[in-house]
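Novice:
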Amino acid sequence: MTKYNSLTRRGFLKQSLTTGAMGLVVPRVISSRALAAPGRAGANDRIGVGYIGLGARGNHILHHLPEDAEIVAVCDVDARRVAKAADGRRYATYGDYRGLLDNKDVDAVVITTPDHWHALQSIHACQAGKDVFCDKPLSLTVAEGRAMIRAARESNCIYQVGPQQRSIPAAIYACEFVRAGKLGKIREVHVTNNRTSRDWELPGEPIPDGLDWDMWLGPSAKHPFHSKIFSVSRQADWFGWMAFRPWSGGMMTSWGAHGMDLMQWGLGMDASGPSEVEPLGEGLTCELQYTYPNDVVVKLDEAPQGGAIFVGEKGKVTVACGMVTWDPPELGKDAPESITSLFPGATAPIHTRQWLKCVRSRQTPTCDVEVGQRTATACHIGNIARWLGRKVRWDPVNETFPGDDEASAMLSRPMRQPWHL
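Under my numbering, read the sequence shown as residues 1248 to 1668, first letter to last.
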């Protein structure tokens, strides 16, 4: 098995890249497969796809491939999930994702693991010369996101992040409408308010047979197993591992990433972010107010789940899950009829197929790694403001909290040995 992120000290110093303000170092390990164009699937080749993570989200995306791509390998730390996914199929199966990355039949990978694994698995996939589709949020921290961008750029990776509304015609039309100034000057945007993750407080339980719990924890701190981590409910107060800070930013970075992504996109802020974030109350569910460099105010209060409401001089546009509404209705008089109704079918197939099209053409996908990182960062900053219980000021150019050591300490997290960026 390839040992990723391992270089001699001399080779490391010669080949490393430093991510500026974050102080992270990412080894510039580029496989011959990544450097040689013939090593990747060509325009007429069948794309071999490996899946890392076979939970609820992984199974949802598992069979959304076009006919010119095929699943060749699957991986999960839970042997029961692997057996279920591979039942009756000729997939190569793995309990350790590094084995899957060594498989030469795998051209591209889909990563749907818990958030704390996204950075390392993505970086290692880039180093192995694979193209990547990673579910949102991109990363667990801002620093991880910057490291992931570096790895993707250095390996020429076609990297798509999960907010699938980027591939939905209704959302594309609405955000272009806003950016074109057809609402006039934007005064404010409303996005769904979602819960920030909390500290871990559950007792330990026996580890089920077939589950590699230590590998599930991976780079996160050592914690006892509890069955509720795998029991994801849509009730307001329980979302499995997504509820807890060691592994996630909470629903703020999960479901919240959809609305925040639409907001960033509609405001033309895909390469930028807010200048300050203020919690308007206390606790992990308080409303948040973002201020952007163009003086637009973004409020996390009331909006359709996964959506955003753009309020301008001429009215407002609401976009969510393939639906667009106009207020007043005359604003949408020139919109195609299909834009005003929900598009049939799931949105995930459109997004994964758009990514695979880019894998062939080597063009930038609709939600590139940096776009995904900027959306995740907007969510992370909101979480940090809630955890600190105060306003934070953000420099979107350098991606730092100027003069704020307390907030800056939350831009990264230590990883449990032997894992490291």
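Note that the Cβ used here is the ideal one computed from N, Cα and C, for glycine as well.
Being a predicted model, the structure only gives us computed values, none of them experimental.
Does the separation of the CB atoms of residue 1342 and residue 1322 fall below 8 angstroms?
Specialist: yes
Novice: According to DSSP, is residue 1560 helix, strand or coil?
Specialist: coil
Novice: Buried or exposed, going by whether 16 or more other CB atoms sit within 10 Å of the CB of residue 1669?
Specialist: What the structure shows of the chain is the stretch from 1248 to 1668, and residue 1669 is not part of that stretch, so it cannot be assessed.
Novice: Residue range of the beta strand (DSSP E) that residue 1408 falls in?
Specialist: 1406-1408
Novice: May I ask you to report which of helix, strand or coil DSSP gives residue 1322?
Specialist: strand
Novice: Going by DSSP, which residues form a beta bridge with residue 1437?
Specialist: 1546 and 1556
Novice: Buried or exposed: residue 1527, going by 16 or more other Cβ atoms within 10 Å of its Cβ?
Specialist: exposed
Novice: State the CB to CB distance for the pair residue 1683 and residue 1378, rounded to an integer number of angstroms; the pair is presumed to be in contact (CB under 8 angstroms).
Specialist: Limits of the chain in this structure are 1248 at one end and 1668 at the other, which puts residue 1683 out of reach.
Novice: By Cβ distance below 7 angstroms, which residues in the same chain neighbour residue 1438 in space, the five residues on each side in sequence not counted?
Specialist: 1506, 1507, 1510, 1545, 1547, 1550 and 1555
Novice: Are the beta-carbon atoms belonging to residue 1494 and residue 1363 less than 8 angstroms from one another?
Specialist: yes
Novice: How would you write the range of the alpha helix (DSSP H) that residue 1374 sits in, first residue to last?
Specialist: 1365-1374
Novice: Using CA coordinates, which residue listed in 1629, 1435, 1311 and 1458 is at the minimum distance from residue 1296?
Specialist: 1311
Novice: Considering residue 1625, what are the terminal residues of the alpha helix (DSSP H) in which it resides?
Specialist: 1616-1635
Novice: Please confirm if the segment 1345-1358 is in contact with the segment 1329-1337, defined as three or more CB-CB distances below 8 angstroms between the two stretches.
Specialist: no
Novice: Tell me the residue span of the alpha helix (DSSP H) that contains residue 1418.
Specialist: 1416-1426
Novice: So is residue 1608 buried or exposed if we call it buried at 16+ other beta carbons inside 10 Å?
Specialist: Around the beta-carbon of residue 1608, fewer than 16 other beta-carbon atoms lie within 10 Å, marking it exposed.
Novice: Count the CB pairs spanning the segment 1423-1431 and the segment 1626-1644 that are closer than 8 angstroms, and state whether there are at least three.
Specialist: no
Novice: Since residue 1380 and residue 1564 are thought to touch, with beta carbons under 8 angstroms apart, how far apart are those beta carbons, to the nearest angstrom?
Specialist: About 29 angstroms separates the two Cβ atoms, so there is no contact after all.
Novice: In terms of residues, what are the limits of the alpha helix (DSSP H) holding residue 1511?
Specialist: 1503-1513
Novice: DSSP beta-bridge partners for residue 1445?
Specialist: 1491
Novice: Taking the Cβ atom as the reference point for each residue, do residue 1398 and residue 1603 lie within a distance shorter than 8 angstroms?
Specialist: no
Novice: So, residue 1421 versus residue 1566, is the Cβ gap smaller than 8 angstroms?
Specialist: yes
Novice: By the three-class DSSP mapping on this structure, what secondary structure does residue 1298 have?
Specialist: DSSP places residue 1298 in strand when its eight states are reduced to three.
Novice: Count the other C-beta atoms from every protein chain shown that fall within 10 angstroms of the C-beta of residue 1536, then say buried if there are 16 or more, exposed otherwise.
Specialist: buried
Novice: Does the count of Cβ pairs from the segment 1645-1657 and the segment 1622-1634 closer than 8 angstroms reach three?
Specialist: yes
Novice: Helix, strand or coil, according to DSSP, for residue 1498 in the structure here?
Specialist: Coil at residue 1498, not helix or strand.
Novice: Report yes or no: do three or more beta-carbon pairs, one from the segment 1323-1330 and one from the segment 1297-1308, lie closer than 8 angstroms?
Specialist: yes
Novice: For residue 1666, which residues from the same chain have a beta carbon less than 7 angstroms from its beta carbon, with the 5 sequence-adjacent residues on both sides left out?
Specialist: 1367, 1465 and 1466
Novice: By Cβ distance, which residues of its chain are closer than 6 angstroms to residue 1519, with the 5 residues on each side in sequence left out?
Specialist: Cβ within range, chain order: 1643.
Novice: Taking C-alpha atoms, which residue in 1632, 1668 and 1664 lies nearest to residue 1655?
Specialist: 1632 is the residue among 1632, 1668 and 1664 whose C-alpha sits nearest the C-alpha of residue 1655.
Novice: Around the Cβ of residue 1615, are there at least 16 other Cβ atoms within 10 angstroms (buried) or fewer (exposed)?
Specialist: buried
Novice: Rounded to whole angstroms, how far is the Cβ of residue 1454 from the Cβ of residue 1447, which I believe are closer than 8 angstroms?
Specialist: Their Cβ separation, rounded to whole angstroms, is 16 angstroms, which puts residue 1454 and residue 1447 out of contact at 8 angstroms.
Novice: With a CB to CB cut of under 7 angstroms and the five nearest residues on each side skipped, what residues in its chain are close to residue 1503?
Specialist: 1439, 1441 and 1626
Novice: Cutting at 8 angstroms between CB atoms, please list the residues of its own chain near residue 1653, excluding the five before and the five after it.
Specialist: Excluding sequence neighbours, residue 1653 sits near 1635.
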